[in-house]
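**Student:** Each protein sequence line maps, in turn, to chains A and B. Be aware that the first sequence starts at 31, since it is given in my numbering, and climbs by one per residue. Be aware that the second sequence starts at 391, since it is given in my numbering, and climbs by one per residue. All C-beta atoms in this analysis are idealised placements derived from N, C-alpha and C, irrespective of residue type, glycine included. Since the model is a prediction, treat every value here as computed from it, not as a measurement. Take this structure first; my questions come after.
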Amino acid sequence: MKKITALLLLSLLPALYAPAAKSGVVKVVKASLLSRPDFLSATMATLRQGERVEIIGRQNSWDEVRTPSGIKGFLHSSALQESKSSLSGLLPGERQASDDEVALAAKGFNETNEKKIRGSQGFNFRDLDWILGQSASLADVKKFVSQGKLK
Amino acid sequence: MKKRTVTLLLTVVFASSLLLAIDLRRSLDGLRKVSETVRPISEEEEYFIGRAVAARILAQFPLLKSGSLTDYVNLVGDSLVIHSQRPEIYNGYHFAVLDSDEINAFAAPGGIILLTRGLVQAAASEDQLAAVIAHEICHVVAKDPLKAIKSERMKSLGAFTARELSRSSPQVMQVFNDTVLDVSGTLLQKGYSRKQEKQADLDAVELLDQSGYSPTALLAMLQTLTGRELAKAKIYSAHPPATDRCQYVAKEVKGIPAAPGTAERTARFTAIRRANGI
Numbered sequence: 031m032k033k034i035t036a037l038l039l040l041s042l043l044p045a046l047y048a049p050a051a052k053s054g055v056v057k058v059v060k061a062s063l064l065s066r067p068d069f070l071s072a073t074m075a076t077l078r079q080g081e082r083v084e085i086i087g088r089q090n091s092w093d094e095v096r097t098p099s100g101i102k103g104f105l106h107s108s109a110l111q112e113s114k115s116s117l118s119g120l121l122p123g124e125r126q127a128s129d130d131e132v133a134l135a136a137k138g139f140n141e142t143n144e145k146k147i148r149g150s151q152g153f154n155f156r157d158l159d160w161i162l163g164q165s166a167s168l169a170d171v172k173k174f175v176s177q178g179k180l181k
Numbered sequence: 391m392k393k394r395t396v397t398l399l400l401t402v403v404f405a406s407s408l409l410l411a412i413d414l415r416r417s418l419d420g421l422r423k424v425s426e427t428v429r430p431i432s433e434e435e436e437y438f439i440g441r442a443v444a445a446r447i448l449a450q451f452p453l454l455k456s457g458s459l460t461d462y463v464n465l466v467g468d469s470l471v472i473h474s475q476r477p478e479i480y481n482g483y484h485f486a487v488l489d490s491d492e493i494n495a496f497a498a499p500g501g502i503i504l505l506t507r508g509l510v511q512a513a514a515s516e517d518q519l520a521a522v523i524a525h526e527i528c529h530v531v532a533k534d535p536l537k538a539i540k541s542e543r544m545k546s547l548g549a550f551t552a553r554e555l556s557r558s559s560p561q562v563m564q565v566f567n568d569t570v571l572d573v574s575g576t577l578l579q580k581g582y583s584r585k586q587e588k589q590a591d592l593d594a595v596e597l598l599d600q601s602g603y604s605p606t607a608l609l610a611m612l613q614t615l616t617g618r619e620l621a622k623a624k625i626y627s628a629h630p631p632a633t634d635r636c637q638y639v640a641k642e643v644k645g646i647p648a649a650p651g652t653a654e655r656t657a658r659f660t661a662i663r664r665a666n667g668i
């Protein structure tokens, strides 16, 4: 009986290194979760930076993912930081998502830097703010593509 | 007795493996900390460098604050972006027009792309305008603006403590300012290498084709600029000679038919220019 228990424990060893279900974290401010691997397909949800998803498949540069609330769809891989989580993350002293933190961190250049130079001569952040408020929605892009006979 | 020995042996093996796993993990964490000092710039850092670079350009060139024209260049740009290899970028791509006669375009890190009114005027069609925008997007995709940053900046950044970084100490700010100067100096004066420019041209041809624009529009735009006031076209002063560009782009687009819908696109391009007095 004890031998069986020991063997069972041993059989668990590979699982410490074996990858569990793949997951990823959104690394951009917002990303569209789409019904197909195509930006012109229907938007299922908008995901925010730091949101975690389960990766259930891959098609070229697209990841098929499932959100914690169960919504399935496609995210372009440029929006996602893949996590390399496994059971080893449960080992003592381990912290989950350290890879994500590294990928997302604005270690040296961040908003605090910008606040210090805002208003300085040689920088015009006021017009930059205007520009950033003028973006087009995906719905507008779809219409524009269709009207211009683009792909 | 034999059973006990086997059980004991297996327990020892299991415990050792567990300890080894913990130890390996810790070693890897140690290595990770070392590698952080030279790790690439994160998406968010790229964005904040790009904001500062764009703010510098905007301090030198007035912005053309036309909602309709800005919406239009954003729509042309996004129609290309969705087919690029890096469609999702930290805070999305943004396009705008500078109120300058100069024929020029700038791609700041993080996807802030600025075109001049002179460039919009020089383009004969939406496809030609898209050709220049595609070229700039390809610089962002290849992270060419970030390659202008001298390696010593990132090394210095790695030497700062977490406290210095979080508080943006004067030393950190010096590195930040130098980094912004490295990039804006390349965009405004020095220019990219000929190799980077050629690659952006070739990638632009592919991007135009994938998006449904005519790749031949890049060649047409180059020929237009070669035949016009080239001195005014600062965008090309630091690029490979226009004749060289025409040659390799002509070779690349040979045999690619014109994309359908050119007439519809040219009509809306003409209308938006007229509405903005361009």
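Out of B/Glu-542, B/Arg-394, B/Val-531, B/Thr-652, state which residue places its alpha-carbon closest to the alpha-carbon of A/Gln-177.
**Tutor:** When the alpha-carbon of A/Gln-177 is set against those of B/Glu-542, B/Arg-394, B/Val-531, B/Thr-652, the nearest one is in B/Thr-652.
**Student:** Taking the beta carbon of A/Asn-90 as the centre, do at least 16 other beta carbons fall within 10 Å, making it buried, or is it exposed?
**Tutor:** exposed
**Student:** Can you tell me which residues form a DSSP beta bridge with B/Leu-465?
**Tutor:** Bridge partners of B/Leu-465: none, in fact.
**Student:** Check each candidate in B/Leu-555, B/Arg-446, B/Arg-394 and name the one with the smallest Cα separation from B/Thr-576.
**Tutor:** B/Arg-446
**Student:** Under 8 Å, Cβ to Cβ, is there at least one residue of chain A near B/Pro-630?
**Tutor:** no
**Student:** Can you check whether the C-beta of B/Pro-605 is within less than 8 Å of a C-beta belonging to chain A?
**Tutor:** no
**Student:** B/Thr-506: which of B/Ala-594, B/Gly-581, B/Arg-441, B/Leu-454 sits nearest, CA to CA?
**Tutor:** B/Leu-454
**Student:** How many angstroms separate the CA atom of B/Ile-539 from the CA atom of B/Glu-436?
**Tutor:** 11 Å
**Student:** Is the beta carbon of A/Ala-109 sitting closer than 8 Å to the one on B/Glu-587?
**Tutor:** For A/Ala-109 and B/Glu-587, no; Cβs fall outside 8 Å.
**Student:** Using a C-beta to C-beta distance shorter than 9 Å, which residues of chain B count as neighbours of A/Trp-209?
**Tutor:** What the structure shows of chain A is the stretch from 31 to 181, and residue 209 of chain A is not part of that stretch, so it cannot be assessed.
**Student:** Given a cut-off of 8 Å on the beta-carbon distance, is the pair B/Leu-488 and B/Pro-452 in contact?
**Tutor:** yes
**Student:** Can you pull the chain B neighbours of A/Val-59, defined as C-beta to C-beta under 8 Å?
**Tutor:** Under the 8 Å cutoff, chain B gives Tyr-480, Asn-481, Gly-482.
**Student:** Measuring only between beta-carbons, confirm whether A/Leu-112 sits less than 8 Å from chain B.
**Tutor:** The amino acid at residue 112 of chain A is misidentified as Leu; the sequence shows Glu. It does not; no Cβ of chain B falls within 8 Å.
**Student:** Who are the neighbours of B/Asp-468 on chain A, taking C-beta pairs under 7 Å?
**Tutor:** Ala-166, Val-171
**Student:** With 16 as the cutoff for other CB atoms within 10 Å, does A/Lys-57 come out buried or exposed?
**Tutor:** So A/Lys-57 counts as buried.
**Student:** Residue ranges of each alpha helix (DSSP H) run of no fewer than 4 residues wholly in the segment 548-603 of chain B, ordered along the chain?
**Tutor:** 552-556, 560-575, 584-601
**Student:** Let me make sure I understand the geometry here. Which of A/Glu-144, A/Ser-71, A/Arg-156 has the alpha-carbon closest to that of B/Ile-472?
**Tutor:** A/Ser-71
**Student:** Measuring alpha carbon to alpha carbon, tell me which of B/Phe-566, B/Lys-533, B/Val-531, B/Lys-537 ends up nearest B/Ser-546.
**Tutor:** Relative to the Cα of B/Ser-546, the nearest Cα in the group B/Phe-566, B/Lys-533, B/Val-531, B/Lys-537 belongs to B/Phe-566.
**Student:** With 8 Å as the threshold, decide whether the Cβ of A/Val-83 is near any Cβ in chain B.
**Tutor:** Not an interface residue.
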